[in-house]
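The listed protein sequences correspond, in order, to chains X and S.
The first sequence begins at 0 in numbering that gives the first Met the number 0 and counts up by one.
The second sequence begins at 0 in numbering that gives the first Met the number 0 and counts up by one.
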Amino acid sequence: MADSIWMPGSLFDNIDKFANSLGYQNSAIAIELAMMSWKSPDERDAFITSITGEDPKGGTEKNYIKQNF
Amino acid sequence: MAENRGGANGGPQYNPANVSGTGGAGQSGNYTGFGYGKNQEVNNQRVQGNQAMASAQAATPSAPQDPYQGINMPQLGTLFDPTSRPDEPITAGVDFGPGPGSEVLPQGLMNNTRIDENAKIAAQYLPDLAMAAKSPDAPDSFKNFVNYLIQNSQSATQNG
Numbered sequence: 000m001a002d003s004i005w006m007p008g009s010l011f012d013n014i015d016k017f018a019n020s021l022g023y024q025n026s027a028i029a030i031e032l033a034m035m036s037w038k039s040p041d042e043r044d045a046f047i048t049s050i051t052g053e054d055p056k057g058g059t060e061k062n063y064i065k066q067n068f
Numbered sequence: 000m001a002e003n004r005g006g007a008n009g010g011p012q013y014n015p016a017n018v019s020g021t022g023g024a025g026q027s028g029n030y031t032g033f034g035y036g037k038n039q040e041v042n043n044q045r046v047q048g049n050q051a052m053a054s055a056q057a058a059t060p061s062a063p064q065d066p067y068q069g070i071n072m073p074q075l076g077t078l079f080d081p082t083s084r085p086d087e088p089i090t091a092g093v094d095f096g097p098g099p100g101s102e103v104l105p106q107g108l109m110n111n112t113r114i115d116e117n118a119k120i121a122a123q124y125l126p127d128l129a130m131a132a133k134s135p136d137a138p139d140s141f142k143n144f145v146n147y148l149i150q151n152s153q154s155a156t157q158n159g
């Protein structure tokens, strides 16, 4: 069973995404952005894309529980 | 039949614990208790002082209610308002994303505090981040990030 702290949108998932997308040299900004209350992982990823111009980095699919509704 | 008129009204002057700040009975506001002939002189000075203060206050224009009246200040928006500069990328002035980098910022206006901020936040959150990195489900990208923070905090400690 996957660890719940790595669910999409969890704090550590956010940190992983922001740190790897913005660059480790921006770790302070990345952690602060990760602590914001994002409505969904999609909204967070859209924000990352809007400021970096690229898809979010970090994480791997195997770490996530994909939910199909 | 007795009338209910006159007599003590229970005012503060009947309280023996009340002490007038001006000395004496404290009813008139006049100073008393100075040497012979001095009471009148001191009270005249008080009256003149009050008049001078009143004229000075009357001559001083009162502060305007709106200090920015007449200045066209743009309305401040919130973080989530639409941009007022639609042609400028949101990352203009920072070293990632579209738009110019930090080289377009005025020189000397800002110090690079990013290194200090990174060290501070690493010291604050590194124990929790390291714990999360030990999780079997932690992605390699997260472990790399935590390793970077550990290395940075060690080099910062060595450099003092």
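Backbone N, C-alpha and C fix where the C-beta goes; we use that ideal spot for every residue, glycine too.
LYS16 (chain X): member of the alpha helix (DSSP H) spanning 10 to 21, first to last residue.
A distance of 8 Å or more separates the beta carbons of GLY92 (chain S) and SER83 (chain S). In the structure shown, VAL93 (chain S) adopts coil according to DSSP, grouped into three states. Spatial neighbours of ILE14 (chain X) in its own chain (CB-CB distance under 7 Å, excluding positions within 5 residues in sequence) are listed in chain order as ALA29, ILE30, ALA33. In the structure shown, PRO126 (chain S) adopts helical secondary structure according to DSSP, grouped into three states.
GLY48 (chain S) sits in a helix when the DSSP states are folded into three classes. With a 10 Å radius around the Cβ and a threshold of 16 neighbouring Cβ atoms, GLY36 (chain S) comes out exposed. TYR147 (chain S) carries a helical assignment under DSSP once its states are collapsed to helix, strand and coil. Taking 9 Å as the cut-off between beta carbons, the residues of the stretch 47 to 58 of chain X near chain S are SER49, ILE50, THR51, GLY52, GLU53, LYS56, GLY57, GLY58, in sequence order. Put simply, the CB of ILE120 (chain S) is near chain X, with a gap under 8 Å to one of its CB atoms. Nearest in C-alpha terms to GLY57 (chain X), of all of X:LYS16, X:PRO7, X:ALA45, X:ILE47, is X:LYS16. At a cut-off of 8 Å between C-beta atoms, LEU21 (chain X) counts as an interface residue with respect to chain S.
Residues of the stretch 70 to 90 of chain S whose Cβ lies closer than 7 Å to any Cβ of chain X, in chain order: ILE89, THR90. Here SER20 (chain X) is buried. Its C-beta has 16 or more other C-beta atoms within 10 Å.
Per DSSP, reduced to three states, the secondary structure at ILE4 (chain X) is helical. DSSP places GLU87 (chain S) outside both helix and strand once states are collapsed to three, so it counts as coil.
Sequence-distant Cβ neighbours of ASP94 (chain S) in its own chain, meaning closer than 6 Å and more than five residues away, are GLY100, SER101. Looking from the CA of LEU125 (chain S), the closest CA among S:GLY98, S:GLN150, S:ALA51, S:ASP86 belongs to S:GLN150. Among the residues facing chain X, LEU148 (chain S) is included, as its CB has a counterpart in that chain under 8 Å away. If you check the CB distance, PRO97 (chain S) and GLY52 (chain X) come in under 8 Å.
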